[in-house]
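According to our numbering, the stretch in the sequence shown is residues 1 to 260, in order.
The beta-carbon is built from N, C-alpha and C at its ideal position, and this holds for glycine as well.
This report concerns only the one structure given below.
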Amino acid sequence: MRFYGDYHVHTSYSDGKQDIEEAVKGAKEKGLKEVAITEHGPAVMVIGVEEEEVYYQIKDQIARINESGDEVKVYLGAEANICGMNGELDLSPHLREELDVLIAGLHPYTYPSSLKDGWELQGKNMLRHLGKGFRARAINNNTKACVEALYNHPGLDILAHPGLFFEVDYEEVARACSKTGTLFEINCGHKHPPLSDIIKVNKVGACFIINSDAHFKDTVGDLAYGAYVVEKAGLAPNAVANLDEGGGISWIKKKRCIYL
């Protein structure tokens, strides 16, 4: 099974342990044709970029790499943080327009859009282990924030690792992905979601993208977990955006899965 590209990769501009050139080399060694550099947005503590200006520095560096004629095409992306119950993102509309790929997801230790939303998301998730009622409220809030992000940001391409840090109702999130044409990420770095949940999502009709979430050169393009779940879950090739049969960035931006 061959993949066209990897569209979730981090470098030392956020919390990765590689530079962009090393990430591109890693993609080339895995036989990929495309790679997207997707640094964490500024609202997540410690690992996020310090300010939006960093993305413009990355954009300039990517342009120089692409001008060199390297066989791997490099794209500018970002992994925005969902910061509130209405799906607020921590990247400005102007910057989002500059991106080739926009990913967004829920992360711990994220500065919220308001104190109330901080309690509803960060606070209630910290209490989810106290009992079924606490867990149910956390899942409801997490699901709502993700769904609102999908509907309120038409330029959102990929929902990052749904349910990884903040548990969600997979079927409800999958329905929103299907209706908006947003790709549901199978995250190979975390081997998430589990196969059983991917089967649930597939039954709803959402489309997928398989990414590495790489932080090291050797893990760029390491998509073995994705190949495993494609086979085991019986995912159709035209439901996975970065299989060779589909072809990467053009597939993603056309939001083809909304028509399946």
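Cβ pair residue i, residue j closer than 8 Å
| i | j | result |
| --- | --- | --- |
| I37 | I62 | yes |
| K132 | V72 | no |
| L106 | A145 | yes |
| V240 | I209 | yes |
| K124 | A136 | no |
| A160 | E67 | no |
| V35 | Y13 | no |
| C83 | P112 | yes |
| E51 | L95 | no |
| G77 | D60 | no |
Separation of residue j from residue i, as counted between CA atoms
| i | j | result |
| --- | --- | --- |
| D6 | K17 | 17 Å |
| E185 | P194 | 12 Å |
| T75 | A214 | It is Tyr, not Thr, that sits at residue 75 in the sequence shown. Going by the C-alpha atoms only, they are around 15 Å apart. |
| E21 | M1 | 26 Å |
| N81 | D169 | 19 Å |
| E167 | T143 | 8 Å |
| A206 | T180 | 10 Å |
| P154 | K30 | 32 Å |
| G26 | E231 | 25 Å |
| T11 | Y228 | 26 Å |
| N238 | R64 | 33 Å |
| E98 | V204 | 32 Å |
| D19 | D70 | 16 Å |
| D15 | L164 | 18 Å |
| L260 | H192 | Because the pLDDT at L260 is just 41, under 50, the model does not fix this residue reliably, and the value given afterwards should be weighed accordingly. If I take the Cα positions, the gap works out to 24 Å. |
Assumed close pair residue i, residue j - CB separation to whole angstroms, cut-off 8 Å
| i | j | result |
| --- | --- | --- |
| Y4 | N242 | 5 Å |
| N140 | M85 | Not quite, the Cβ-Cβ distance comes to about 10 Å (not below 8 Å), so this is no contact. |
| D157 | I58 | The Cβ separation is near 17 Å, so there is no contact. |
| V44 | A23 | Not quite, the Cβ-Cβ distance comes to about 20 Å (not below 8 Å), so this is no contact. |
| N187 | A233 | So it is not a contact: roughly 15 Å between Cβ atoms. |
Buried or exposed by the 16-neighbour rule on C-beta atoms within 10 Å, applied to residue i
| i | result |
| --- | --- |
| Y56 | exposed |
| L223 | buried |
| L183 | buried |
| A236 | exposed |
| N46 | Inspection of the sequence shows that residue 46 is occupied by Val rather than by Asn. It is exposed - the Cβ of V46 has fewer than 16 other Cβ atoms within 10 Å. |
| S178 | buried |
| H129 | exposed |
| H190 | exposed |
| P268 | Outside the shown range of the chain (1 to 260) lies residue 268, about which nothing can therefore be said. |
| G226 | buried |
| G248 | buried |
| I258 | Residue placement at I258 is poorly supported in this model, since its pLDDT is 46, which falls under 50; the coordinates still yield a value, given next. Exposed: under 16 other Cβ atoms inside 10 Å. |
| message | Check whether the stretch 118–131 and the stretch 171–187 touch, using three or more Cβ-Cβ pairs below 8 Å as the test. | response | no
| task | Say whether the stretch 84–91 touches the stretch 145–152, bearing in mind that this needs 3 or more beta-carbon pairs closer than 8 Å, one atom from each stretch. | result | yes
| said: Check whether the stretch 215–230 and the stretch 36–55 touch, using three or more Cβ-Cβ pairs below 8 Å as the test. | reply: no
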